[in-house]
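J.:
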Amino acid sequence: MIRYKLLQLMLLLGFPLLVWSCGRDKKTEEDKSNKGIINPVLDINFPDPTVIKVGDNYYAYATNTYYKNKNYNIPVAVSTDLKTWRVSGDALPKKPDWATKDFWAPHVLFDSKLNKYVMFYSGELGPNTGKCIGVAFSNTPEGPFTDSGTPIISGTGFINIDPFAFIDPKTGKKLLYWGSDSKPIKVQELTDDWKAFLPGSVAKDVIPTGKEAKYDRLVEGAWVDYQDGKYYMYYSGDNCCGAGASYAVLVARADDAFGPFQRYGEANGTGSSVILEKDTKWMATGHNSIFRDGGGTAYIAYHALPVNQTTGKAVGTDRQMLINKIEYVNGWPKVIK
27 MIRYKLLQLM LLLGFPLLVW SCGRDKKTEE DKSNKGIINP VLDINFPDPT VIKVGDNYYA
87 YATNTYYKNK NYNIPVAVST DLKTWRVSGD ALPKKPDWAT KDFWAPHVLF DSKLNKYVMF
147 YSGELGPNTG KCIGVAFSNT PEGPFTDSGT PIISGTGFIN IDPFAFIDPK TGKKLLYWGS
207 DSKPIKVQEL TDDWKAFLPG SVAKDVIPTG KEAKYDRLVE GAWVDYQDGK YYMYYSGDNC
267 CGAGASYAVL VARADDAFGP FQRYGEANGT GSSVILEKDT KWMATGHNSI FRDGGGTAYI
327 AYHALPVNQT TGKAVGTDRQ MLINKIEYVN GWPKVIK
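For what it's worth, my numbering labels the leading residue of the sequence shown as 27, then goes sequentially.
1) Quick one: is Arg-243 buried, meaning 16 or more other Cβ sit within 10 Å of its Cβ, or exposed?
2) Can you tell me which of Tyr-143, Ser-174, Asn-141, Met-259 puts its alpha carbon nearest to the alpha carbon of Ala-4?
3) Taking 8 Å as the cut-off, decide whether the C-beta atoms of Ile-316 and Asp-231 are in contact.
4) Taking the continuous beta strand (DSSP E) assigned at Tyr-147, which residues delimit it?
5) If you run the structure through DSSP and keep just helix, strand and coil, what is Ala-271?
6) Could you tell me the alpha carbon to alpha carbon distance between Val-113 and Asn-265, rounded to whole angstroms?
7) Tell me, please, which residues DSSP counts as bridged to Ser-262.
8) How many Å lie between Ser-298 and Lys-120 at the Cα?
9) Identify whether Tyr-290 lies in helix, strand or coil by the three-state DSSP scheme.
10) If I'm right that Val-67 touches Lys-94 with Cβ under 8 Å, what's the distance once you round it to whole angstroms?
11) Going by DSSP in three states, Val-161 sits in which element: helix, strand or coil?
12) Answer with buried or exposed for Gln-335, where buried requires no fewer than 16 other C-beta atoms within 10 angstroms of its C-beta.
13) Taking only the alpha-carbon atoms, compute the straight-line gap between Pro-359 and Glu-353 and give it to the nearest angstrom.
14) Work out the CA separation of Lys-139 and Ser-59 for me, nearest whole Å.
15) Going by other Cβ atoms of all chains shown within 10 Å of its Cβ, with 16 needed for buried, is Asp-116 buried or exposed?
16) Quick one: give me the first and last residue of the beta strand (DSSP E) that Ser-114 is part of.
17) Can you tell me whether DSSP reads Gln-335 as helix, strand or coil?
18) Tell me whether Pro-371 is buried or exposed, calling it buried when 16 or more other Cβ atoms sit within 10 Å of its Cβ.
19) State the beta-bridge partners of Asn-83 as determined by DSSP.
20) Whose C-beta lies closer than 6 Å to the C-beta of Ile-179 among residues of the same chain, with five residues either side of it excluded?
21) Consider the Cβ of Asp-319: report whether some Cβ of chain B lies at a distance smaller than 8 Å.
22) Have a look at Thr-311, His-329, Lys-351 and flag the residue whose alpha-carbon is nearest the alpha-carbon of Gly-322.
23) Taking only three categories from DSSP, how would you classify Val-67?
24) Just to confirm my understanding: we take Val-341, look at its own chain, exclude 5 residues before and 5 after, and list those with CB closer than 6 Å. What are they?
25) Is it true that the CB of Glu-303 sits closer than 8 Å to the CB of Ala-271?
26) Going along the chain, which residues of its own chain have a beta-carbon closer than 7 Å to the beta-carbon of Thr-311, five neighbours each way excluded?
27) Who are the Cβ neighbours of Arg-318 in its own chain at under 8 Å, not counting the five residues just before and after it?
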């Protein structure tokens, strides 16, 4: 009788504990599984994002934006885990003498020889004067960055935008990729201080337009990732913005920083080099950067417009920042969603 009552007592006390314990374990597993990145990581207008890792922090830079009643020439956001971001300030609080507006698509890298953070970006002096590309320097990743004083290149239209600076791991040469305005993406060697094109160097076209049926009328937003001895050129195609936005990320590959680049669509026989485009939740996906965490996992950061689930059209015009993992499979990158 005593054993029976003891068993009853254990069942009365133990069974709820068992249920509670199982429920707790399940919740813990669910919490762990939900600790991945949830997009958008920044639900504000944060176009053309470049993300870099410095120490324990990640820094993201974007095209000029207006946030919390303040204009940012080059907004910078900071995160420790890629999930939670805060806008920390303006990386370029003082405008250069050669530009007053349209501070677009910054790219930031660290030069260990100069012990400086180097930021390339585009700007314009006034209406219809043409876009220019400049370079600025800072001792810290958050800035303030100080412009060198003179643009590297200028001209009419908006061909001179979307700069990407690169130290070739094979040669040590400092290179600049850029381009848009329905013209080819180009590359040219820079001087060691990053402030000008190397005398005697010439620009070389590496990604022409009009080679594919979709997203190829205009190409821009170049980003080169060096992986397993190959140069992977990520670029975006067509219209980034507005109600008619149609934008995607494409990729090509080369054995040399100057090309020739083989498009993914040529390699796979489909004629399409797209690796990231519109889905049911996001549209106008593009202008990406590639970065790695402390463990070497690769990520792609990009902007996109949220999709109205009823109409299938964009919700607003704010290009929000998204992040996904990428993996190189059979020699080509794959975006993991």
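Beta carbons are placed, not taken as given, at the ideal position from N, Cα and C, and that holds for glycine.
T.: This is what the structure holds:
1) For the purposes of this step, residue 243 is identified with residue 217 of the sequence shown, where counting begins at 1. Exposed, because fewer than 16 other Cβ atoms sit within 10 Å of the Cβ of Arg-243.
2) Here the chain covers residues 27 to 363 and nothing more, so residue 4 does not appear.
3) Counting from one through the sequence shown, the residue named residue 316 turns up at place 290. Counting from one through the sequence shown, the residue named residue 231 turns up at place 205. No, the Cβ-Cβ distance between Ile-316 and Asp-231 is not below 8 Å.
4) Against the sequence shown, residue 147 aligns to sequence position 121. First-last of the beta strand (DSSP E) with Tyr-147: 142-150.
5) On the sequence shown, position 245 is the one that residue 271 refers to. It is coil, neither helix nor strand.
6) Within the sequence shown, the letter at position 87 stands for residue 113. Within the sequence shown, the letter at position 239 stands for residue 265. Approximately 27 Å between the Cα atoms of the pair.
7) As a working note, residue 262 is residue 236 in the sequence shown. For Ser-262, which the question treats as bridged, DSSP gives the partners Glu-246, Val-275.
8) Sequence index remark: in the sequence shown, residue 298 carries index 272 (1-based). Sequence index remark: in the sequence shown, residue 120 carries index 94 (1-based). Between Ser-298 and Lys-120, the C-alpha separation is close to 42 Å.
9) As a position in the sequence shown, residue 290 is number 264, starting the count at 1. Helix at Tyr-290.
10) Within the sequence shown, residue 67 is the residue found at index 41, counting from 1. Within the sequence shown, residue 94 is the residue found at index 68, counting from 1. Val-67 to Lys-94, Cβ: 18 Å. No contact.
11) Taking the first residue of the sequence shown as position 1, residue 161 is located at position 135. Reduced to three states, the DSSP call for Val-161 is strand.
12) What you label residue 335 is simply residue 309 of the sequence shown in a count that begins at 1. By the 10 Å Cβ count, Gln-335 comes out exposed.
13) Translated into positions along the sequence shown, residue 359 becomes position 333. Translated into positions along the sequence shown, residue 353 becomes position 327. Roughly 5 Å separates the two Cα atoms.
14) Translated into positions along the sequence shown, residue 59 becomes position 33. Translated into positions along the sequence shown, residue 139 becomes position 113. Reliability of the predicted coordinates at Ser-59 is poor, the pLDDT of 27 falling under 50, and the value obtained from them is presented with this limitation in mind. Their backbone Cα atoms lie some 42 Å apart in a straight line.
15) Sequence index remark: in the sequence shown, residue 116 carries index 90 (1-based). By the 10 Å Cβ count, Asp-116 comes out buried.
16) Translated into positions along the sequence shown, residue 114 becomes position 88. 112-116 is the span of the beta strand (DSSP E), which, as asked, contains Ser-114.
17) One-based indexing of the sequence shown puts residue 335 at position 309. If DSSP states are grouped into helix, strand and coil, Gln-335 belongs with coil.
18) Examination of residue 371 is not possible in this model, given that the chain is present from 27 through 363 alone.
19) Taking the first residue of the sequence shown as position 1, residue 83 is located at position 57. Val-80.
20) Here residue 179 refers to the residue found at position 153 when the sequence shown is read from its first residue. Answer for Ile-179: Ile-159, Asn-186, listed in chain order.
21) This model lacks chain B altogether, as it is built from one protein chain only.
22) One-based indexing of the sequence shown puts residue 322 at position 296. Per the Cα distances, Lys-351.
23) The residue you call residue 67 lines up with position 41 of the sequence shown. Residue state, collapsed to three classes: coil.
24) Locating residue 341 in the sequence shown gives position 315, counting from the first residue. Taken in chain order, the residues that qualify are Pro-332, Asn-334.
25) For the purposes of this step, residue 271 is taken as the residue at position 245 of the sequence shown. For the purposes of this step, residue 303 is taken as the residue at position 277 of the sequence shown. No.
26) Position 285 of the sequence shown holds residue 311. The answer, listed in chain order, is Tyr-273, Ala-274, Val-275, Leu-302, Glu-303, Lys-304, Tyr-328, Ala-330.
27) For the purposes of this step, residue 318 is taken as the residue at position 292 of the sequence shown. These residues qualify, in order along the chain: Lys-79, Ala-324, Tyr-325.
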